[in-house]
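Peer 1: Starting off with a structure, shown below.
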Amino acid sequence: MTSNAEQPNTTELAAEIVAAFVSRNSLPVSELPALILSVDATLRRLATGAPATIASPAEQPTPAVSIRKSVTADHLICLDDGKRFKSLKRHLATLGMTPEEYRAKWGLPADYPMVAANYAARRSDLAKSMGLGQSRDKAAPPAKRGRKPKTSA
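For the sequence shown, this note's numbering assigns the number 154 to the last residue and increments by one with no breaks.
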């Protein structure tokens with residue numbers, strides 16, 4: 002067996018591995034300590050030759066507000082930080098998540114809204130008033146282009 006002087010420092014190796022991972026991947030700051038501990042524990046287990054254990058399923062995080070209270074007619078409340086938004090998509094992008102990842106993280110149904118109902122209705126009314134979504138058949142045909150044909154006199 003090797004002596005302690007020859008064994009690599011798992012904490013330094015874990016720091017290097019995590020630094021390389023974070024340089025190429027986006028990761029919320031709140032998850033960084035857990036990642037470091039996980040990598041360090043894995044390296045220690047590998048260094049001692051202990052058999053790999055199956056990790057218990059991660060405990061689901063507690064939301065900032067209840068899921069039922071997170072959806073109102075005027076706004077949605079982010080379950081991660083409790084902030085109010087008319088549309089969650091852009092906020093989720095700043096957190097490095099897609100709507101599907103967000104729904105999976107919190108165990109939300111596939112039809113969980115990403116836009117507040119009143120905001121969506123307002124945008125829909127605005128689009129309809131501008132004539133968007135109307136079929137082109139109902140509009141008057143455009144005038145023919147070019148010169149009028151010659152008529153014989």
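Where is the CB? At the ideal position from N, CA and C, for every residue including glycine.
According to DSSP, simplified to helix, strand and coil, what is arginine 146?
Peer 2: Coil, per DSSP.
Peer 1: Return helix, strand or coil for leucine 127, following the three-state DSSP convention.
Peer 2: If DSSP states are grouped into helix, strand and coil, leucine 127 belongs with the helices.
Peer 1: Could you tell me whether the Cβ atoms of alanine 48 and asparagine 119 are closer together than 7 Å?
Peer 2: Not a contact, by the Cβ cut-off of 7 Å.
Peer 1: What residue range is occupied by the uninterrupted alpha helix (DSSP H) comprising lysine 151?
Peer 2: It is not in any alpha helix (DSSP H) - lysine 151 carries neither H nor E in the DSSP assignment.
Peer 1: Nearest to valine 30 by alpha carbon, out of Ala105, Leu96 and Ile78?
Peer 2: The option with the nearest alpha carbon to valine 30 is Leu96.
Peer 1: On a CA-only basis, which of Arg45, Met115 and Lys87 is nearest methionine 98? Give me that one, please.
Peer 2: Measuring from the Cα of methionine 98, the nearest candidate turns out to be Met115.
Peer 1: Helix, strand or coil for valine 19 per DSSP?
Peer 2: Helix, per DSSP.
Peer 1: In the DSSP assignment, find the alpha helix (DSSP H) that holds glutamate 32 and state where it starts and stops.
Peer 2: That residue, glutamate 32, is in no alpha helix (DSSP H); it is neither H nor E in DSSP.
Peer 1: Check whether the region 62-81 touches the region 36-50, taking contact to mean three or more Cβ pairs, one atom from each stretch, closer than 8 Å.
Peer 2: Counting Cβ pairs under 8 Å, fewer than three are found: no touch.
Peer 1: Is it true that the CB of leucine 93 sits closer than 7 Å to the CB of leucine 77?
Peer 2: In this structure, leucine 93 does not lie closer than 7 Å to leucine 77 by Cβ.
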